[in-house]
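In my numbering, the protein residues as written are 744 to 889.
Glycine included, C-beta positions come from ideal geometry on N, C-alpha and C.
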Amino acid sequence: MTILNLNNMKIKCLYNSGEVLLNFSRRPEGTSIATKYSMIEVNKEYLVMGIIQFETHMSYLIDDGLVFTCPVQLFEVIDSKLPMNWYFRIPTKEEDIYPYVEALYGYYELCFEKKAYENLIVEKDEASLRTYFRRKIEYEKTEDDF
Numbered sequence: 744m745t746i747l748n749l750n751n752m753k754i755k756c757l758y759n760s761g762e763v764l765l766n767f768s769r770r771p772e773g774t775s776i777a778t779k780y781s782m783i784e785v786n787k788e789y790l791v792m793g794i795i796q797f798e799t800h801m802s803y804l805i806d807d808g809l810v811f812t813c814p815v816q817l818f819e820v821i822d823s824k825l826p827m828n829w830y831f832r833i834p835t836k837e838e839d840i841y842p843y844v845e846a847l848y849g850y851y852e853l854c855f856e857k858k859a860y861e862n863l864i865v866e867k868d869e870a871s872l873r874t875y876f877r878r879k880i881e882y883e884k885t886e887d888d889f
C-alpha cells in the first residue's frame with residue numbers, strides 16, 4: 744500500500760562538528776570540540792524519518808545510505824511539516840533503550856516494534872533497514888507519481 748504524503752520534514756546540515764554543540768545545555772554526553780559527525784555533509788538536505796528524544800538531547804533519524812541519528816542543533820529546518828502518518832511512543836522500563844531513549848516520533852514500525860530502534864541503529868538489522876528505506880521511498884513520493 745502506497746501512502747500519499749506530501750508533508751515531509753526536511754533539514755539542512757549547518758555543522759558536522761561537535762564544537763557547535765558545546766553552546767547548548769542539552770547535547771550528547773561526551774561531546775567535545777574534537778567530536779566529528781563525518782556521516783553528514785554541510786549544506787546537504789536530509790529527509791527526517793524520525794525524531795529521537797534521548798536523556799541528554801534530541802536527534803533526527805536520517806540517512807546518507809547508512810541510517811543514523813544526529814543532534815538537532817547541527818541542522819536548520821527547511822520544511823517543518825511532519826508527516827500525517829507519524830506516531831509517538833515512550834519506551835517502557837522493561838526495554839533495553841530505557842531510560843537512554845525517552846521518546847520516539849516517526850513511522851509506524853519505528854514507534855511500535857519494541858526493538859525497532861536497536862535493530863535499526865545498533866544491530867543494523869537487514870529487515871529493519873528494508874522497512875526504513877521502504878518508508879522513506881513512500882515519503883519521497885509526490886502527486887506526480889500517481
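Out of curiosity, what's the CA-to-CA distance linking residue i and residue j?
i                 : j             : result
isoleucine 746    : leucine 825   : Caution applies to isoleucine 746, whose pLDDT of 44 falls short of 50 and renders its modelled position unreliable; the value that the coordinates give is listed next. Cα to Cα, the separation comes out at about 14 Å.
serine 865        : serine 802    : Residue 865 is actually valine in this sequence, not serine. Rounded to the nearest angstrom, the two C-alpha atoms are 15 Å apart.
isoleucine 805    : leucine 790   : 6 Å
lysine 884        : arginine 877  : 11 Å
tyrosine 830      : glutamate 845 : 14 Å
asparagine 751    : serine 823    : 8 Å
isoleucine 880    : arginine 873  : 11 Å
tyrosine 809      : glycine 773   : The residue you asked about is not tyrosine; residue 809 is leucine in the sequence shown. One C-alpha to the other measures close to 23 Å.
lysine 753        : lysine 858    : 26 Å
proline 814       : glutamate 856 : 23 Å
leucine 853       : cysteine 756  : 23 Å
valine 785        : threonine 812 : 15 Å
phenylalanine 889 : aspartate 807 : Unreliable positioning characterises phenylalanine 889 in this predicted model, as indicated by a pLDDT of 44, which lies under 50. A coordinate reading is not provided.
methionine 792    : leucine 863   : 12 Å
tyrosine 875      : alanine 777   : 30 Å
Per DSSP, residue i forms a beta bridge with which residues?
i                 : result
phenylalanine 811 : Ile805
leucine 863       : None; leucine 863 has no bridge partner.
tyrosine 789      : Ile754
aspartate 868     : BP columns for aspartate 868 are empty, so no partner.
lysine 779        : Ser760
glutamate 819     : Lys755
phenylalanine 797 : Val844
Since residue i and residue j are thought to touch, with beta carbons under 8 Å apart, how far apart are those beta carbons, to the nearest angstrom?
i              : j              : result
serine 775     : glycine 761    : 6 Å
glutamate 869  : isoleucine 840 : Contact doesn't hold; Cβ gap of about 20 Å is too wide.
proline 842    : threonine 799  : Actually they do not touch by this definition, with Cβ atoms about 11 Å apart.
isoleucine 794 : asparagine 759 : Incorrect: roughly 19 Å between the Cβ atoms, too far for contact.
Closer than 8 Å to a non-hydrogen atom of the ligand MG - does that hold for the CB of residue i?
i              : result
isoleucine 795 : Annotation note on the ligand MG: not contained in the displayed structure, which lists no ligands.
_Inter-stretch contact (C-beta, 8 Å, three-pair minimum) for the segment 844 to 859 and the segment 813 to 820_ = no
Checklist entry - If you pair each beta-carbon of the segment 766 to 773 with each one of the segment 828 to 838, do three or more pairs fall below 8 Å? => result no
Any beta strand (DSSP E) of 3 or more consecutive residues that is wholly inside the segment 829 to 853: 830 to 832, 844 to 849
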